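Heads up: the sequence shown at position 7 corresponds to 7 in this note's numbering, and the numbers run straight through without jumps. Note that beta-carbon positions come from the ideal geometry of N, C-alpha and C, so glycine has one too. Remember, it's a predicted structure, so these values are computed and weren't measured experimentally. Contents: one structure, followed by commentary.
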Amino acid sequence: MTNRWQRCWDVAPEIYLLLKESDSLEAARDVVVGYLQSLDWTHRREAAEMDPWDYVLFNEGLECLKNLFSPRNERAAKNSSLEQLWRAAATGDAEVSDDFVDEFFHLFKAVKVQADVYPSMLMEGTTAPDFTKYEGREAGKRRSDYLDEMARRMDEHLSRYRSGLDPEVARKRAENRERVLALLGGDEGDWHDWRWQFRHVFKDELGLSQIREIINLSPDHDRSISLALEKGVPFGVTPHYLHLMDEDPSDQDFALRQQVFPPLKYVQKMIAHRGDRKVALDFMRERDTSPEELVTRRYPRVAIIKPYDSCPQICVYCQRNWEITSPFMPSAMASEAEIDGALDWYAEHEAMMDVLVTGGDPLVMNDGLIDRILGRLAEMDQILSIRIATRTPVTVPQRITEELCEIFGSYHDLGRRSLSVVTHFMHPREVTAETVEAIRRIRVLGMDVYNQQVFTFANSRRFETAALRIVLKKIGVDPYYTFNMKGKSEMEEYAVPIARILQERKEEARLLPGIFRTDEPVFNVPFLGKDHLRAWQNHEIIGIQPDGRRTYRFLPWEKNIVQVKPYIYDDVSIGGYLRRLRERGEDPEKYRSIWYYY
Ligand code: SF4
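Rendered as structure tokens:
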């Protein structure tokens, strides 16, 4: 037996023996599942004597194991992890990765009531007072002291992530701004002019040479951007966004660089699919959910319209990388006939109550065109909400001018319809004084601003997203969605296991006041739309692949209305994610409860 299995079998020697003594896979299935059933009943009968949280972990681990050993699920996952366990017990090893072994080590710990979740990452080294011994004011004071300690420890984590409102960060950025302006031959007035910002987006060979003069690119990024530009893969960074970065790659600007500087693998994949991106990379199958040119519809009462299919700055993880073009390409603008056709479609569809004007970034369009589109939508009685999806408050906050806000204000007519902005902050570091001013201009109109964050490796450390929620609340933006970064193969190094998004929600977001954690963690099911990750009915684990990836079955949002084919998804492995965190200097021990989220 190789050592890597030993700790697995030490935790669950009964399972080891049952597997080892079975002379066929089906015999192993019968005895192991029988053992789990009896364990289940034993603990159900005696659960009152077990710590309630241990019981929850036991129960969830048990459900997972039963799921993993089900022949029906094996067929769907296209792998039998039971067979691999059986071979490992019988012969000493099996053709699986260490990440696979780690998954079963933790599942066995859960069902043997040995899950190592205490002491929690946050309160390590403290003992919670026995509050039942106290009453009244004394009880209240002791509880308050304990919560103070919890908050103090949260602050220790949160203080790692300083926003651009921090005076020291702001001072550094003022220097960066001077350097950008000096290079581009601009002045303060230019900086605050969105047209100047647009004109100077770094998006070609000249732009790359200018970036090199302002910041030091890592050799990998330098190579991948050069290749992207050579082969026409969309790339762009605004002067405003570039000035948020430190001169040298640092831990602080890691998340910013990751968003716009593409990894080589991504560029290569985009090049390889140059001719068939619209099919090969359209993960969400928008091609099959568009009833009219520029319109995508996945839900009964809302659809999106995409009049412009590029952005001033291109996000590497963009879900629409199959159609997004380089910044400001003339072809990004839909024709007048297409826009009119899409607006006519809305006019003909009485069911449409909410419309998301998106793209690309619709605020690249001129004010006149924005006014025209909003005006047409506002004529439709059925439309009660118009949302404008734009990342400009982050990438070019100067775009939110008084004139544009005047247009917005004219359509925000409470009692008739509301207009709101949906934006896309990824990290506290992106918030600046200019951002605050942009948001303020929108909010004084009485409009709401919501945030959609994509949960990637770059913003997934302990309390990193909690820090974003806090600063967003401070500037008047409500967290709306946190998107699971799907494991599109070209973007795997950005992906985070579903278990981490669930852990973040429970162990970090939950500690904030409810009004700060208004975002819903979601998984976008191709073709069908968002599944809420917190709802247990929506997804279940059905397999562990030999390389340690969990396989999930997603039941789409409309499962209770109509029978819909489930979606099978192989996640990135937890073991691989923890290794990437270690490479970034994180202590994987601080994430150890991740294994118990499914
Ligand atoms: S702002 Fe949105 S549409 Fe534009 S590149 Fe980023 S993710 Fe894609």
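Going residue by residue through the stretch 81-160, where are the continuous alpha helix (DSSP H) segments of at least 4 residues, counting only ones entirely within it? Runs of the alpha helix (DSSP H) spanning 4 or more residues and lying entirely within the stretch 81-160 occur at 81-91, 98-111 and 136-158, in chain order.
Below 8 angstroms, can you find three or more Cβ-Cβ pairs linking the stretch 105-121 to the stretch 584-597? Verdict: yes, contact present.
Pick out the complete beta strand (DSSP E) segments inside the stretch 488-547, 3 residues or longer, and give them in chain order. Runs of the beta strand (DSSP E) inside the stretch 488-547: 520-525, 529-532 and 539-544.
Using only alpha-carbon positions, find the residue among His192, His200 and Trp194 that is nearest to Leu183. The residue with the shortest Cα to Cα distance from Leu183 is His200.
Pairing CB atoms from the stretch 567-581 with CB atoms from the stretch 89-105, are three or more of them under 8 angstroms? At 8 angstroms Cβ cutoff, the stretches touch.
Consider the C-beta atom of Thr314 and the heavy atoms of the ligand SF4; say whether any pair is separated by less than 7 angstroms. With the sequence shown as reference, residue 314 is identified as Ile, and Thr is not the correct amino acid for it. A heavy atom of the ligand SF4 is found nearer than 7 angstroms to the CB of Ile314.
With burial defined as no fewer than 16 other Cβ atoms inside 10 Å of the residue's Cβ, what is the status of Gly61: buried or exposed? When all chains shown are included, Gly61 counts as buried.
Among all the DSSP beta bridges, which residues are the ones paired with Gln452? Bridge partners of Gln452: Tyr481.
Leaving aside the five residues before and after Glu507 along the sequence, list all residues of the same chain whose C-beta is less than 8 angstroms from its C-beta, in chain order. If we look at Glu507 and ignore the five residues flanking it on each side, its Cβ neighbours are Ser120, Met121, Leu122 and Ser593.
Roughly how many angstroms separate the alpha carbons of Glu286 and Trp322, rounded to a whole number? Put simply, the backbone Cα of Glu286 is about 10 angstroms away from that of Trp322.
To the nearest angstrom, how far is it from the Cα of Ala438 to the Cα of Ser163? Rounded to the nearest whole angstrom, the CA to CA distance from Ala438 to Ser163 is 16 angstroms.
Neighbourhood of Gly236 by C-beta distance below 6 angstroms, restricted to the same chain and skipping five residues each side: Scanning its chain for C-beta atoms nearer than 6 angstroms, with the 5 sequence neighbours on each side dropped, one finds around Gly236 the residues Val201, Lys203, Gln313, Ile314 and Pro327, in chain order.
Sorry if obvious, but does the Cβ on Arg549 come closer than 7 angstroms to a heavy atom of the ligand SF4? No.
Taking C-alpha atoms, which residue in Ala351, Gln382, Leu294 and Glu103 lies nearest to Gln362? Reading the sequence as shown, one finds Pro at residue 362 and not Gln. The residue among Ala351, Gln382, Leu294 and Glu103 with its C-alpha nearest the C-alpha of Pro362 is Leu294.
For Gly360, does the count of other Cβ atoms within 10 angstroms reach 16, so buried, or fall short, so exposed? Gly360 comes out buried.
Asp361: CB within 7 angstroms of a non-hydrogen atom of the ligand FMN: The ligand FMN is absent from the structure shown, which contains only the ligand SF4.
Could you tell me the boundaries of the alpha helix (DSSP H) in which Ile594 lies? No alpha helix (DSSP H) holds Ile594; DSSP gives it neither H nor E.
Reference Gly409, options Leu419, Ile400 and Gly415, closest by Cα: Comparing Cα-Cα distances from Gly409 to each of Leu419, Ile400 and Gly415, the minimum goes to Leu419.
Cutoff 7 angstroms; reference Ala228; Cβ partners in own chain excluding five residues on either side: Excluding positions up to five away in sequence, the list reads Phe235, Pro262 and Val267.
With a Cβ-Cβ cutoff of 8 angstroms, do Asn59 and Ile542 count as a contact? No.
Where does Pro307 sit, in a helix, a strand or coil, going by DSSP? In this structure, DSSP gives Pro307 an extended state, which the three-state scheme calls strand.
What residue range is occupied by the uninterrupted alpha helix (DSSP H) comprising Ile271? Residues Leu264 to Ala272.
Take the Cβ of Val444 as the centre, count every other Cβ of all protein chains shown within 10 Å, and call the residue buried at 16 or more, exposed below. Per the 10 Å Cβ criterion, exposed.
Proximity test, Arg320 beta-carbon vs the ligand SF4 heavy atom, cut-off 7 angstroms: Result yes, Cβ under 7 angstroms from the ligand SF4.
From this set, Ala28, Tyr481, Gln545 and Arg387, which residue's C-alpha is nearest Met353's C-alpha? Out of Ala28, Tyr481, Gln545 and Arg387, Arg387 has the C-alpha closest to the C-alpha of Met353.
If the criterion is Cβ atoms closer than 8 angstroms, does the pair Ala170 and Met426 meet it? Against a cut-off of 8 angstroms, the Cβ pair of Met426 and Ala170 comes out as no contact.
Nearest-angstrom Cα distance between Ile434 and Cys405? Here the sequence assigns Glu to residue 434, which means Ile is not the residue at that position. Rounded to whole angstroms, Glu434 to Cys405 spans 15 angstroms at the Cα level.
Leaving out five residues on either side along the sequence, give the residues of the same chain with a beta carbon under 8 angstroms from the beta carbon of Gln382. Residues His349, Glu350, Ala351, Met352 and Met353 of the same chain have their beta carbon placed closer than 8 angstroms to that of Gln382, with the five preceding and five following residues left out of the count.
Taking C-beta to C-beta, are His412 and Met447 nearer than 8 angstroms? With contacts defined by Cβ atoms closer than 8 angstroms, His412 and Met447 form a contacting pair.
Find the nearest neighbour of Asn67 within the set Glu540, Tyr567 and Pro219, judged by alpha-carbon distance. Selection Glu540, Tyr567 and Pro219 evaluated against Asn67 yields Glu540 as nearest (Cα-Cα).
So, at 6 angstroms on beta carbons, what are the nonlocal neighbours of Ser385 in its own chain, with the 5 sequence-adjacent residues on each side left out? Here the set comprises Asp354 and Ser418.
With DSSP as the reference, label Ala389 as helix, strand or coil. Ala389 falls in the strand class under three-state DSSP.
Rounded straight-line distance, which links the Cα of Lys269 to that of Pro291: Distance between the alpha carbons of Pro291 and Lys269 is about 29 angstroms.
Between the alpha carbons of Glu149 and Arg143, how many angstroms are there, rounded? A direct Cα-to-Cα measurement between Glu149 and Arg143 gives close to 10 angstroms.
Name the DSSP beta bridge partners of Leu363, please? Paired residue(s): none; Leu363 is not in a bridge.
At the level of alpha carbons, what is the spacing between Pro167 and Arg416? If you draw a straight line from the Cα of Pro167 to the Cα of Arg416, it is about 42 angstroms long.
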